[in-house]
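Heads up: the structure comes next, in structure tokens.
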Amino acid sequence: MIESDLLTADEAAKLLRIGRWTFDDHVARGDIAYIAVGLGEKRIRKRFDPEDIARFREQQRRVECPPQPTQGRRRAAKLPESEIIDFKALLAERRAKRQKGNQRP
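The sequence shown begins at 1393 in this note's numbering and counts up by one.
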């Protein structure tokens, strides 16, 4: 492969229509392969094969699932009918019984 066939990071980012920082993040994560050009060890000159860019584009392809129909609102089950208790009346009745029991003949 001839070096002129390779893309710079700016060219590859433009080809993908993404920002340079986003492109660099994908490269750092290993999503996009690169070719090291030159002998530099501190600052590696990275070039990108158009086939790797095409492969990345295919890997990013997604298909949205249609939303699933939701069920209607859940309603609480009806409670069985219950008897209403008047607690004040019960207390008054108990007090009255106690007072009758405490009275002297």
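Just so it is clear, CB atoms sit at the ideal spot from N, CA and C, and this is done for glycine as well.
Determine the DSSP secondary structure at residue i, reduced to helix, strand or coil.
i: A1428; result: strand
i: K1489; result: helix
i: R1412; result: helix
i: R1435; result: coil
i: L1505; result: Absent from the model: residue 1505. The displayed extent of the chain is 1393 to 1497, so no value can be given.
i: L1399; result: strand
Might you give, ordered along the chain, the residues of its own chain that have their beta carbon closer than 8 Å to the beta carbon of residue i, omitting 5 neighbours on each side?
i: A1401; result: R1412, F1415, D1416, V1419, K1438 and F1440
Just how far apart, CA to CA, sit residue i and residue j?
i: P1442; j: R1454; result: 21 Å
i: Q1460; j: R1467; result: 21 Å
i: R1435; j: E1456; result: 40 Å
i: R1465; j: Q1491; result: 54 Å
i: Q1452; j: R1421; result: 14 Å
Around the Cβ of residue i, are there at least 16 other Cβ atoms within 10 angstroms (buried) or fewer (exposed)?
i: A1484; result: exposed
i: L1482; result: exposed
i: A1469; result: exposed
i: L1431; result: exposed
i: A1428; result: exposed
So, at 6 Å on beta carbons, what are the nonlocal neighbours of residue i in its own chain, with the 5 sequence-adjacent residues on each side left out?
i: E1473; result: none
Can you round the beta-carbon distance between residue i and residue j to whole angstroms, since I take them to be within the 8 Å contact cut?
i: D1397; j: I1424; result: About 16 Å separates the two Cβ atoms, so there is no contact after all.
i: R1449; j: L1408; result: 7 Å
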